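Every letter in the sequence shown is one number past the one before it in my numbering, and letter 42, counting from 1, is 44.
Even glycine gets a Cβ: it sits at the ideal position worked out from N, Cα and C.
Just so we're clear, the structure is a prediction, and the values are computed from it rather than from any experiment.
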Amino acid sequence: MISAGDFRKGVTFVMDGDVYQVLDFQHVKPGKGAAFVSAKIKNVVKGGIKDVTLNPSEKYEKAVIETKEMQYLYNDGELYFFMDTETYEQIPMNFDTVEDAIPFVKENDIATVRFYESSPFEVQPANFVELEVTHTEPGLKGDTSGGATKPATVETGYTLQVPLFIDNGDVIKIDTRTGEYLSRV
């Protein structure tokens, strides 16, 4: 059990039958009245974020979140299959579970899969990935004022803004947390 007064960023706990992760918190002790904990929490299974005010002495069950490095195998049109690289067990996941990661993960890439009670609820790609540009328009000569950009589509189908000098076939580095172009490889 964990009390609200012991909350820190990243702590996972069970409240009202759902699993939450603390994104941000603040212990507040007003001049008048009782102290309280103001927290921003995220439902790790359903994905919603909410702000709550809690009594610091309230107790919650601590949730154990397991993470595994898994290899993305393929998509059969409906499900996305990931393989545990140690046991070779394949786990199918629906789009809701993988939607944040799939624009940055290609077949045979390694991703981090998070589990609660042996059930996967989130897939996280590496923080930085290198992907090949499959389609972009040629940059116009002389149009370089102010760091001009153009749209480009990479091999996973993700579209982002890149500098004008990027061409089809170039491999670029992308920050998956923001979805932005970092550099040409």
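Output the distance between the C-alpha atoms of residue i and residue j, rounded to the nearest integer angstrom.
{"i": "Val107", "j": "Tyr82", "result": "11 Å"}
{"i": "Ala37", "j": "Glu60", "result": "12 Å"}
{"i": "Asn129", "j": "Lys34", "result": "45 Å"}
{"i": "Leu133", "j": "Val47", "result": "29 Å"}
{"i": "Phe9", "j": "Phe123", "result": "22 Å"}
{"i": "Asn110", "j": "Lys152", "result": "29 Å"}
{"i": "Ile174", "j": "Val187", "result": "5 Å"}
{"i": "Lys11", "j": "Gly141", "result": "44 Å"}
{"i": "Gln92", "j": "Tyr74", "result": "9 Å"}
{"i": "Asn170", "j": "Val156", "result": "9 Å"}
{"i": "Glu88", "j": "Thr69", "result": "13 Å"}
{"i": "Thr138", "j": "Tyr160", "result": "12 Å"}
{"i": "Thr99", "j": "Gly149", "result": "36 Å"}
{"i": "Asp78", "j": "Leu56", "result": "44 Å"}
{"i": "Glu101", "j": "Val13", "result": "24 Å"}
Can you tell me which of the three DSSP states residue i falls into?
{"i": "Thr55", "result": "strand"}
{"i": "Thr158", "result": "coil"}
{"i": "Ala41", "result": "strand"}
{"i": "Asp169", "result": "coil"}
{"i": "Asp26", "result": "strand"}
{"i": "Phe15", "result": "strand"}
{"i": "Val125", "result": "strand"}
{"i": "Pro140", "result": "coil"}
{"i": "Phe9", "result": "coil"}
{"i": "Pro32", "result": "coil"}
Compute the distance between the beta-carbons of residue i and residue j, then report whether it is under 8 Å.
{"i": "Ile51", "j": "Leu25", "result": "yes"}
{"i": "Tyr62", "j": "Val135", "result": "no"}
{"i": "Met72", "j": "Val115", "result": "yes"}
{"i": "Val30", "j": "Ala41", "result": "no"}
{"i": "Gln28", "j": "Lys44", "result": "no"}
{"i": "Ala113", "j": "Pro94", "result": "no"}
How would you write the range of the alpha helix (DSSP H) that residue i sits in, first residue to last?
{"i": "Val66", "result": "Note, Val66: premise wrong, no alpha helix (DSSP H); not H, not E."}
{"i": "Thr114", "result": "Note, Thr114: premise wrong, no alpha helix (DSSP H); beta strand (DSSP E) at 112-118."}
Round the Cβ separation of residue i and residue j to the nearest angstrom and send it over; I've been treating them as touching at under 8 Å.
{"i": "Ser5", "j": "Pro58", "result": "7 Å"}
{"i": "Tyr183", "j": "Leu162", "result": "6 Å"}
{"i": "Ile168", "j": "Ala154", "result": "6 Å"}
{"i": "Ala65", "j": "Val21", "result": "5 Å"}
Grab the span of the beta strand (DSSP E) containing residue i for me, first residue to last.
{"i": "Val100", "result": "Unbroken run through Val100 is the alpha helix (DSSP H), 97-100; no beta strand (DSSP E)."}
{"i": "Asp78", "result": "That residue, Asp78, is in no beta strand (DSSP E); it is neither H nor E in DSSP."}
{"i": "Tyr183", "result": "182-186"}
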